[in-house]
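Peer 1: With positions in the first sequence counted from 1, the corresponding number in this note's numbering is that position plus 379.
Where a beta carbon is used, it is the ideal one built from N, C-alpha and C, also for glycine.
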Amino acid sequence: MIFSKILINWYLKNKRDLPWRNTTEPYKVWLSEIMLQQTRVAQGMPYYLSFLNEFPSVFDLAEASQEKVLKLWQGLGYYSRARNLHETAKYVASELNGKFPENYTELKKLKGVGDYTAAAIASICFNEAVPVVDGNVYRVLSRYFNIETPINSGSGNKEFKALAAELLDKENPSLFNQGLMEFGALQCKPKNPLCETCPFNEACLALKYDKIQGLPVKLKKTKVKKRYFNYLVFASEDNKTLLQQRIGKGIWEGLYEFPLVETPAPVEEHSLISEEKFKEIVGNKPVEINIYNEAPIVHKLSHQHIYARFWLVQIKELKGKAVSLKNIRKYPVPVLIQNFLEESDFDDYC
DNA sequence: AAATCGGGGGT
DNA sequence: ACCCCAGATTT
C-alpha cells in the first residue's frame, strides 16, 4: 500500500482528540500552531484554552494590551512568539478586517509565521497541498528512508521538504500533514519508538539496518553559558517594591523583574555594593541589604544557566515607579521571578 | 551557517 | 546530564 494511505489510516485510528482539531478556523489553528512551536502539546494546552477563553476572536486579542498578552503567555517561554502573535493579531484585525490570508505564501508574511507554520495553517485550514516539516517529520522520514543528512543543516531542510512534498497526499494535505506529525509524536518517538506495532515496520530502512537510535542526525549543540544575576528586592514601609521591564534584544524581552545587577562571576555583598550598576540603582545613601538565598537558584534554560541570588533591601520610602505589592501579580514575569514570589510569599505581605 | 530565544518532560 | 518538543528570527 502507498505511504500516504497507510499513514492516514493510522492517523484516523490513533489521533488524539485535541481542541484545535475540531475546527478549521484560521484564528484558532494559527494560535495553536504558534503556541506549539518547540512546545509539547501537554504544555501548550492550558495556554491555548485560556487564550481562547480570554480572546475568543482575533479582534479581542488585537485589542488587548501587550502586558495582558505576555501575562497570559507567562511560563510558556520564547516570548517573542507572544509579541509577534499580538502584532499579527493587530495587523489582521485592522488591515485585513479580521480575515487571515488564505494561502501559504501570504501566511508566511505574517510575523512569527515561518515555513512550518504557514504550511500547517494553509493545509489544515485551506487544504493547500504544501508539506509541513517539523521535528516529527524529520524523525519519521530520516528513519523510514535511512537519511543521514543532518536535519539542522541548510541542505537537510531542503532535502526533507522535497521528500515530504513528494509523499504528500495532494487530495488530503490536512490529514496527511497532521498524520505525519502525530505519527512522529506517538509512534515514531525519539526514544523507544513502537516499532513492533508500527504499520511501516516492514518498509522502514532504519529498522531494517538497526539504525533507529542514530536517526535523525543532528549537528552539535551550542555551549551553555553561565550568568550570575543579583536581584535587588526592595520593600518599602508602605508595601511597595521596584520592578523594571526588560528591554532590548536579550532573554525575557518585555517581561518584568526586580532591579538586576549582573556580574561576570558570583559575588558577595562587599563586591556587589561596589558594582556601578548597584550604585546606579540604590543611589548614594547607604542601605542595608540582606541575602535571601545564600545558595544561588540555578535556573536552567536550553542555552544558558542562570545563577540567581535575591537581596532584600528594606527602605523607608520608594519614589517614582514603585509597584504596590498587591499589584505585583499583574505583571508578566519570568518563571525565575514567579518562583521567587511564590516561595517567599513576597506578594502576600499586605 | 550559526546563534539566540524558555521551559518542561523523558530517559 | 543530555535530548527533544507542531520553529522563527537575527547575526
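Nearest by alpha-carbon distance to Y686: which of F637, K537, P569, Y607 is it?
Peer 2: Position 307 of the first sequence, counted from the start, is the residue given in the question as residue 686. The option with the nearest alpha carbon to Y686 is Y607.
Peer 1: With DSSP run on the structure shown, which of helix, strand or coil describes V640?
Peer 2: Residue mapping note: residue 640 aligns to position 261 of the first sequence, counting from 1. It is a strand residue.
Peer 1: Nearest CA to the CA of K548: which residue from K487, K656, N388?
Peer 2: For the purposes of this step, residue 548 is taken as residue 169 along the first sequence, with counting starting at 1. First, the amino acid is wrong: residue 548 is Asp here, not Lys. Residue N388 is the option with its Cα nearest to D548.
Peer 1: Mind listing, in chain order, the continuous alpha helix (DSSP H) runs of no fewer than 4 residues lying wholly within the segment 399-431?
Peer 2: 405-414
Peer 1: Note down the Cα distance separating K597 from V509, rounded to an integer number of angstroms.
Peer 2: Taking the first sequence and counting its residues from 1, one reaches residue 597 at position 218. Taking the first sequence and counting its residues from 1, one reaches residue 509 at position 130. Spanning the two alpha carbons is a distance of roughly 24 Å.
Peer 1: If we count the other Cβ atoms within 10 Å of its Cβ and call it buried at 16 or more, is D396 buried or exposed?
Peer 2: Along the first sequence, one-based indexing puts residue 396 at 17. That one is exposed.
Peer 1: Could you work out which residue in E616, I630, T620, L611 is closest to E648 when comparing CA atoms only?
Peer 2: In the first sequence, the residue the question calls residue 648 occupies position 269. Selected option, being the one with the closest Cα: L611.
Peer 1: M560 to L715, Cα distance in whole Å?
Peer 2: Position 181 of the first sequence, counted from the first residue, corresponds to residue 560. Position 336 of the first sequence, counted from the first residue, corresponds to residue 715. When rounded, the distance between both Cα atoms is 32 Å.
Peer 1: For H684, which three-state DSSP category applies?
Peer 2: The residue given as residue 684 occupies position 305 in the first sequence. H684: strand per DSSP, three-state reduction.
Peer 1: Over the uninterrupted alpha helix (DSSP H) stretch that includes I716, give me the two end residues.
Peer 2: Stepping through the first sequence from its first residue, residue 716 is reached at position 337. Where I716 is concerned, the enclosing alpha helix (DSSP H) stretches over 714-723.
Peer 1: Assuming K604 contacts H678 (C-beta within less than 8 Å), just tell me the rounded distance between them.
Peer 2: Locating residue 604 in the first sequence gives position 225, where the first residue counts as 1. Locating residue 678 in the first sequence gives position 299, where the first residue counts as 1. Actually they are not in contact, since the Cβ atoms of K604 and H678 sit about 13 Å apart, beyond 8 Å.
Peer 1: For the beta strand (DSSP E) holding T496, just list the boundary residues, first then last.
Peer 2: Here residue 496 refers to the residue found at position 117 when the first sequence is read from its first residue. Not the beta strand (DSSP E): T496 falls in the alpha helix (DSSP H), residues 494-505.
Peer 1: Taking all protein chains shown into account, do 16 or more other C-beta atoms lie within 10 angstroms of the C-beta of T484, making it buried, or fewer, making it exposed?
Peer 2: Here residue 484 refers to the residue found at position 105 of the first sequence. With fewer than 16 Cβ atoms within 10 Å of its Cβ, T484 is classed as exposed.
Peer 1: From the DSSP output, in three-state form, read off K656 for me.
Peer 2: Along the first sequence, one-based indexing puts residue 656 at 277. Helix.
Peer 1: Within the chosen definition, does the segment 475-492 reach the segment 653-664 through at least 3 CB pairs nearer than 8 Å?
Peer 2: No, because fewer than three Cβ pairs between the segment 475-492 and the segment 653-664 fall closer than 8 Å, the two stretches do not touch.
Peer 1: Do Y406 and F479 have their CB atoms nearer than 8 Å?
Peer 2: Against the first sequence, residue 406 aligns to sequence position 27. Against the first sequence, residue 479 aligns to sequence position 100. In this structure, F479 lies closer than 8 Å to Y406 by Cβ.
Peer 1: At a cut-off of 7 Å, would you count E538 as near the ligand ADP, judging by its Cβ distance to the nearest heavy atom?
Peer 2: For the structure depicted, the ligand ADP is absent and the ligand set is empty, with no information on it obtainable.
Peer 1: Pull up the CB-CB distance for Y523 and W631, whole angstroms please, since I reckon it's below 8 Å.
Peer 2: Reading the first sequence from its first residue, position 144 is the one you call residue 523. Reading the first sequence from its first residue, position 252 is the one you call residue 631. Wrong, their Cβ atoms sit about 39 Å apart, outside the cutoff.
Peer 1: Among T620, E673, G662, N551, whose alpha-carbon lies nearest the alpha-carbon of L391?
Peer 2: As a working mapping, residue 391 is identified with position 12 in the first sequence. Ranking the options by Cα distance to L391, first place goes to N551.
Peer 1: Just list the residues that DSSP pairs Y635 with in beta bridges.
Peer 2: Reading the first sequence from its first residue, position 256 is the one you call residue 635. According to DSSP, Y635 bridges with Q624.
Peer 1: I'd like to know whether the C-beta atoms of G477 and V437 end up nearer to each other than 8 Å.
Peer 2: Working through the first sequence from its first residue, we reach residue 477 at position 98. Working through the first sequence from its first residue, we reach residue 437 at position 58. Contact: yes.
Peer 1: Using a threshold of 8 Å, state whether the C-beta atoms of F539 and L565 are closer than that.
Peer 2: If you number the first sequence from 1, residue 539 lands on position 160. If you number the first sequence from 1, residue 565 lands on position 186. No, Cβ-Cβ distance for F539 and L565 is not below 8 Å.
Peer 1: Curious, which full-length alpha helix (DSSP H) runs of at least 4 residues does the segment 575-604 contain?
Peer 2: 584-587
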